[in-house]
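Structure first, then comments.
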Amino acid sequence: MKIAIGNDHAAGELKTTIMDLISELGHEIIDVGAPIGEAIDYPIPGEKVGRLVASGEADLGVLICGTGVGISLAANKVKGIRAAAVSDTATARLIREHNNANVIAIGARIVGSELAKDIIKTFLTTDFSGEERHQRRIDLISDAEERFGK
Ligand code: RB5
Numbered sequence: 002m003k004i005a006i007g008n009d010h011a012a013g014e015l016k017t018t019i020m021d022l023i024s025e026l027g028h029e030i031i032d033v034g035a036p037i038g039e040a041i042d043y044p045i046p047g048e049k050v051g052r053l054v055a056s057g058e059a060d061l062g063v064l065i066c067g068t069g070v071g072i073s074l075a076a077n078k079v080k081g082i083r084a085a086a087v088s089d090t091a092t093a094r095l096i097r098e099h100n101n102a103n104v105i106a107i108g109a110r111i112v113g114s115e116l117a118k119d120i121i122k123t124f125l126t127t128d129f130s131g132e133e134r135h136q137r138r139i140d141l142i143s144d145a146e147e148r149f150g151k
């Protein structure tokens, strides 16, 4: 798969650890985040990763900021993006199985690097269940997105 990754200045070091893991898992990486030591406002990489995933240029997205929250909020402004900030592996699995999340966000100031690797590995190796009830709920989210501003 092609994985888009983005981060702000709170997450440069964890981003390199996560990029190593993603490469080890055999995926291609599109990195639009801040290099270590460079400051960037989290909405910028959040939106960039969202656009790469929404356009199909990337299959899934990984975002990292201090908490994982701000950068996921930015990604969720892109139509078609279902991004979730996650701090545990069970949620990482369930956002794929139930929500078909296409972007995951983690907080470099919240989650240690070993847990972060487990979370990302779980996200990248879990598929959407495809069950009707889950698809119906995701479709309701897409419907709301279509109705926005109307
Ligand atoms: C940056 O200091 C910090 O606010 C940011 O990384 C993130 O935690 C926002 O949600």
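Taken in order, the sequence shown gives residues 2 to 151; the numbers are from the numbering used here.
We treat Cβ as the ideally placed atom computed from N, Cα and C, and that holds for glycine.
From a predicted model like this one, the values you see are computed outputs, not experimental measurements.
Am I right that residue i and residue j are in contact with their C-beta atoms under 8 Å? What's the rounded C-beta distance?
i, j, result
"A84", "V112", "Not quite, the Cβ-Cβ distance comes to about 16 Å (not below 8 Å), so this is no contact."
"C66", "A12", "6 Å"
"A93", "I120", "5 Å"
Taking its Cβ as the centre, do 16 or more other Cβ atoms sit within 10 Å of residue i, making it buried, or is it exposed?
i, result
"F149", "exposed"
"R97", "buried"
"A59", "buried"
"A91", "exposed"
"M152", "With the chain represented from 2 up to 151, any question about residue 152 goes unanswered, as that position is not in the structure."
"L125", "buried"
"D9", "buried"
"G108", "buried"
"G7", "buried"
"R110", "exposed"
Please tell me whether, using a cut-off of 7 Å, the distance from the CB of residue i to the nearest non-hydrogen atom of ligand 1 is below it.
i, result
"I72", "yes"
"D144", "no"
"A11", "yes"
"G38", "no"
"T68", "yes"
Provide the residue span of the beta strand (DSSP E) that contains residue i, from first to last.
i, result
"E29", "E29 to D32"
"G47", "First-last for G47: P44 to A55, but that is the alpha helix (DSSP H), not the beta strand (DSSP E)."
"K78", "Careful: K78 lies outside any beta strand (DSSP E) and carries neither H nor E."
"I107", "V104 to G108"
Got a sec, what are the start and stop residues for the alpha helix (DSSP H) residue i sits in?
i, result
"G13", "G13 to E25"
"I41", "Here I41 belongs to no alpha helix (DSSP H), and DSSP marks it neither H nor E."
"A5", "Counting along the chain, A5 falls outside any alpha helix (DSSP H), though it belongs to the beta strand (DSSP E) covering K3 to N8."
Report task. Indicate whether the contact test is met: 3 or more Cβ pairs, each with one atom in the stretch 38 to 53 and one in the stretch 127 to 144, closer than 8 Å. Result -> no
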